[in-house]
Amino acid sequence: MSEDSTFHHGGTGSANPIIELRDIEKHFGNVIALAGVSFDVRPGECHCLLGDNGAGKSTFIKTMSGVHKPTRGTIAFEGRPMSFASPRDAMEAGIATVFQDLAMIPLMSVARNFFMGREPTRGWGLTRRFDVEKANSVTMAEMRKMGINLRAPDQAVGTLSGGERQTVAIARAVHFGARVLILDEPTSALGVRQTANVLATIDKVRSQGVGVVFISHNVRHAMAVGDRFTVLNRGKTLGTARRGEITAEELQDLMAGGQEMAQLESTLGGTV
Amino acid sequence: MPTDDITAVDERLRTEPLLARLMKRPELGAIAGLVLVTVFFLLTANDAMFTLSGILNFMAPAAQLGVLAIAAAMLMIGGEFDLSIGSMVAFAGMIFGACVVNLGLPLIVAVPATLAVAALIGAANGLIVLRTGLPSFIVTLAGLFILRGLSLVGLKWLTGGSTQLRGVRDAAADDWLSPLFAGDAFGTLFRALAARGWIETFPNGEPKVPGVPVEVLWFVGLAALATWVLLRTPAGNWIFASGGDRNAAANSGVPVRRVKISLFMVTAGAAALLAVMQVLDAGSTDARRGFQKEFEAIIAAVIGGCLLTGGYGSAIGAFFGSIIFGMVVIGLTYTGFDQDWFQVFLGGMLLLAVIFNNAIRKRVTGER
């Protein structure tokens with residue numbers, strides 16, 4: 010996939026950020042995991058957070074999704090200062106995180122996974138029951154919106170490809186009212202074709218007005234779909250660039266922390 | 164959503180062959196096994212086995228095992244084991260006997276008290292498993308010995324040296340709740356049928372079968388209830404999810420701890436229910452009751468399609484698994500075979516079921 014993709018790109022700068030984190034620091038005892046991270050997401054954009062292993066991406070995601078509380082710094086949700094007590098708080102505010110394990114159960118059907126923990130019911134008292142028909146039709150419809158035609162809603166998640174599973178997880182988060190969708194390395198374990206599908210899904214989600222946080226260490230995947238790019242290195246953000254203002258090589262250099270990568274590149278021939 | 168989407172999908176559904184869809188049902192193995200066993204006994208056993216009295220003859224032990232197996236299947240789907248349920252039958256029987264005989268309580272108090280004690284022990288099992296993170300297999304193996312030992316010691320203490328507590332029948336026979344747990348149901352119906360000559364009778368006109376044993380009704384009722392819970396309630400989805408992947412379930416908002424502890428309580432409660440029925444039926448309680456029933460219940464659940472790793476299985480499967488069991492135990496007496504072949508059969512059936520289930524799981528999850 011090249012830099013000039015056919016994806017629609019959301020206008021940035023027009024809307025106010027849904028969530029804005031400023032100068033976030035997070036210390037674990039003596040270890041300074043985050044040493045000043047600033048990041049924001051606007052509705053309908055895909056903001057890529059790039060960083061090498063150990064740069065602090067995971068800690069930052071967990072801070073954003075309410076797992077960790079920042080040691081220093083401010084979080085503003087829709088302009089108001091906000092402090093999430095738990096992941097559930099963050100979820101209720103509309104911040105959904107799709108972690109790498111996807112929170113999916115292979116032996117269960119797509120529909121049962123889709124509504125796991127949030128089953129629709131009908132009837133009252135003793136006749137209150139899991140509305141299987143509704144769960145099935147909603148799942149089929151939501152998956153169709155994402156461009157995946159399931160054979161049947163009772164198809165087990167284990168029979169889906171990695172990319173399709175990722176899409177189910179994304180569709181589930183969006184269906185349950187995500188306004189900010191944090192995707193933790195959604196393409197890292199996927200093949201070329203499936204990566205393209207997931208990137209297309211991100212594009213669809215963005216066009217619905219959801220702010221997407223795309224975490225990756227793969228510059229090419231980020232360049233394909235991102236509207237803005239922020240590089241995280243050694244626990245600090247090194248600034249944010251808009252699409253078109255920066256090249257893949259520059260991003261790669263920033264992620265690697267400068268010089269050594271540039272020398273490697275001449276032997277490897279291009280971006281990794 | 165537009166309706167044409169659904170019809171488009173339905174067309175795709177029909178293209179999947181019926182057999183392929185059936186293959187995905189967890190209870191398929193148990194139904195196939197039941198057909199096989201039925202054919203075997205039709206060929207080898209005395210014709211008396213498949214008369215009305217013959218069928219009820221093997222349904223009674225099937226039902227007694229089934230009450231345990233259905234609960235054990237739900238617990239297995241939830242990802243845990245309970246090896247203490249066999250001993251729990253003896254222990255709950257002792258509690259029940261002591262309530263009725265020593266304390267002279269009516270059944271309306273004694274039965275709920277017995278169930279409550281069992282549920283409490285089940286909850287303790289669950290709490291230990293969840294707190295320590297140890298496999299439930301080992302925690303409840305300890306429970307197997309502790310409860311068996313307590314039943315022996317307790318009964319000797321209650322009776323002054325005997326491991327049997329008699330006199331339950333005298334104390335409870337006239338209780339108005341007794342017909343709910345012991346004896347036969349539909350007696351009037353069976354006498355009416357006999358009077359018209361529709362079922363076999365003794366020379367004096369009494370029907371050969373006095374009615375349907377109540378445990379069979381409990382068995383059918385519990386299988387239906389468990390299936391409803393598993394397939395048609397949010398709690399059922401939580402059970403599958405908790406057994407399928409604990410972390411994924413918890414991250415999606417499923418109250419995994421509550422689900423698992425409730426399942427342990429239900430399983431222990433099922434053992435107590437069986438104890439009440441057995442004690443009322445026999446009129447006495449014995450410290451050897453329920454011996455090795457935990458293994459038989461788990462085998463019936465596995466024959467019924469439950470995976471040992473959790474997250475997959477069915478209550479209907481456990482229902483048929485239990486019937487296979489009852490059929491073989493009783494059926495061998497209608498044939499010329501040595502009854503001890505039963506054990507060989509049991510082991511063989513278990514092995515086949517596990518291999519079969521493993522293949523099914525790979526099919527469902529698309530593993531290669």
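Protein sequences appear in the order of chains A and B. Just so we're aligned, residue 10 is where the first sequence starts under the numbering used here, counting upward by one. Just so we're aligned, residue 164 is where the second sequence starts under the numbering used here, counting upward by one. Glycine included, every Cβ here is placed at the ideal spot set by N, Cα and C.
Any C-beta of chain B under 9 Å from that of residue 52 (chain A): In the first sequence, residue 52 (chain A) corresponds to position 43, counting from 1. Cβ-Cβ to chain B under 9 Å: no for residue 52 (chain A).
Minimum Cβ-Cβ distance from residue 514 (chain B) to chain A less than 9 Å: Along the second sequence, one-based indexing puts residue 514 (chain B) at 351. False, the Cβ-Cβ gap to chain A never drops below 9 Å.
First and last residue of the uninterrupted alpha helix (DSSP H) at residue 259 (chain A): Within the first sequence, the letter at position 250 stands for residue 259 (chain A). Run containing residue 259 (chain A): 257-265, per the alpha helix (DSSP H) assignment.
Closest Cα partner of residue 336 (chain B) within the set B:461, B:267 and B:197: Reading the second sequence from its first residue, position 173 is the one you call residue 336 (chain B). If we check each option's Cα against that of residue 336 (chain B), B:267 comes out closest.
Identified DSSP bridge partners for residue 31 (chain A): Against the first sequence, residue 31 (chain A) aligns to sequence position 22. Note: residue 31 (chain A) sits in a beta bridge opposite A:83.
For residue 391 (chain B) and residue 130 (chain A), the rounded distance between their alpha carbons: Here the question's residue 130 (chain A) lines up with position 121 in the first sequence. Here the question's residue 391 (chain B) lines up with position 228 in the second sequence. Taking the straight line joining both Cα atoms gives about 14 Å.
Which residues DSSP lists as bridging residue 287 (chain A), in chain order: Lying outside 10 to 281, the shown extent of chain A, residue 287 (chain A) is not represented and no answer is given.
Min CB distance residue 37 (chain A) to chain B below 9 Å: On the first sequence, residue 37 (chain A) is found 28 positions in, with the first residue counted as 1. Judged by the 9 Å Cβ criterion, residue 37 (chain A) is not in contact with chain B.
Cβ distance (whole Å) where residue 488 (chain B) is taken to contact residue 228 (chain B) below 8 Å: Here residue 488 (chain B) refers to the residue found at position 325 of the second sequence. Here residue 228 (chain B) refers to the residue found at position 65 of the second sequence. Residue 488 (chain B) to residue 228 (chain B), Cβ: 5 Å. Contact.
Short CB-CB distance (under 9 Å) between residue 44 (chain A) and chain B: Along the first sequence, one-based indexing puts residue 44 (chain A) at 35. No, residue 44 (chain A) lies away from the interface with chain B (no Cβ there is under 9 Å from its Cβ).
Residue 447 (chain B) to residue 328 (chain B) span [Cα, whole Å]: Within the second sequence, residue 447 (chain B) is the residue found at index 284, counting from 1. Within the second sequence, residue 328 (chain B) is the residue found at index 165, counting from 1. Rounded to whole angstroms, residue 447 (chain B) to residue 328 (chain B) spans 5 Å at the Cα level.
Closer than 9 Å to chain B by CB, residue 110 (chain A): As a working mapping, residue 110 (chain A) is identified with position 101 in the first sequence. Closer than 9 Å to some Cβ of chain B, the Cβ of residue 110 (chain A) qualifies, so yes.
Unbroken beta strand (DSSP E) run spanning residue 364 (chain B), endpoints: Taking the second sequence and counting its residues from 1, one reaches residue 364 (chain B) at position 201. Counting along the chain, residue 364 (chain B) falls outside any beta strand (DSSP E), and DSSP gives it neither H nor E.
CA nearest to the CA of residue 207 (chain A), picked from A:219, A:173 and A:93: Taking the first sequence and counting its residues from 1, one reaches residue 207 (chain A) at position 198. Among A:219, A:173 and A:93, the Cα nearest to that of residue 207 (chain A) belongs to A:173.
Beta-bridge partners of residue 225 (chain A), as assigned by DSSP: Taking the first sequence and counting its residues from 1, one reaches residue 225 (chain A) at position 216. Residue 225 (chain A) is bridged to A:59.
Nearest-angstrom beta carbon gap, residue 121 (chain A) and residue 416 (chain B) [assumed within contact, 8 Å]: Looking up residue 416 (chain B) in the second sequence gives position 253. Looking up residue 121 (chain A) in the first sequence gives position 112. Rounded, the Cβ-Cβ distance is 14 Å, inconsistent with contact.
Contact set between the segment 120-132 of chain A and chain B, restricted to residues whose Cβ is under 9 Å from the partner: 121, 122, 124, 125, 126, 127, 128, 129 and 130
The segment 101-114 of chain A / the segment 356-370 of chain B touching (three or more Cβ pairs under 8 Å): no
Opposing strand residues paired with residue 104 (chain A) [DSSP bridges]: Translated into the one-based positions of the first sequence, residue 104 (chain A) becomes position 95. A:189.
DSSP three-state assignment for residue 129 (chain A), whether helix, strand or coil: On the first sequence, position 120 is the one that residue 129 (chain A) refers to. Residue state, collapsed to three classes: coil.
Among B:190, B:191 and B:213, nearest to residue 201 (chain B) - alpha-carbon criterion: One-based indexing of the second sequence puts residue 201 (chain B) at position 38. Comparing Cα positions, the closest option is B:213.
Three-state secondary structure (DSSP) of residue 282 (chain A): This structure gives no information on residue 282 (chain A), because the portion of chain A shown stretches from 10 to 281.
Contact with chain B by residue 191 (chain A), beta-carbon distance below 9 Å: Reading the first sequence from its first residue, position 182 is the one you call residue 191 (chain A). Cβ-Cβ to chain B under 9 Å: no for residue 191 (chain A).
9 Å Cβ cutoff, residue 75 (chain A) in contact with chain B: The residue given as residue 75 (chain A) occupies position 66 in the first sequence. Not an interface residue.
Separation of residue 190 (chain B) from residue 242 (chain A), as counted between CA atoms: Walking along the first sequence from the start, residue 242 (chain A) turns up at place 233. Walking along the second sequence from the start, residue 190 (chain B) turns up at place 27. Going by the C-alpha atoms only, they are around 54 Å apart.
Cβ-heavy atom distance, residue 148 (chain A) to the ligand GDP, below 8 Å: Judged by which ligands are present, the structure shown has none, so any question about the ligand GDP falls away.
Residue 459 (chain B) and residue 514 (chain B) closer than 9 Å at C-beta: Within the second sequence, residue 459 (chain B) is the residue found at index 296, counting from 1. Within the second sequence, residue 514 (chain B) is the residue found at index 351, counting from 1. No.
Contact the segment 163-172 of chain A vs the segment 438-458 of chain B: 3+ CB pairs below 8 Å: no
CB contact below 9 Å: residue 497 (chain B) versus chain A: Start at 1 with the first residue of the second sequence, and residue 497 (chain B) comes out as number 334. False, the Cβ-Cβ gap to chain A never drops below 9 Å.
Residue 24 (chain A) versus residue 51 (chain A): straight-line alpha-carbon distance, rounded: Along the first sequence, read from residue 1 onward, the residue named residue 24 (chain A) stands at position 15. Along the first sequence, read from residue 1 onward, the residue named residue 51 (chain A) stands at position 42. Taking the straight line joining both Cα atoms gives about 6 Å.
Exposure of residue 109 (chain A), with buried meaning 16 or more beta-carbon neighbours within 10 Å: By 1-based counting over the first sequence, the position of residue 109 (chain A) is 100. Burial call: exposed.
Three-state class that DSSP yields for residue 11 (chain A) in the structure shown: Looking up residue 11 (chain A) in the first sequence gives position 2. Here the model assigns residue 11 (chain A) a pLDDT of 41, short of 50, so the residue's position is not dependable, and the following value carries that caveat. Correct three-state label for residue 11 (chain A): coil.
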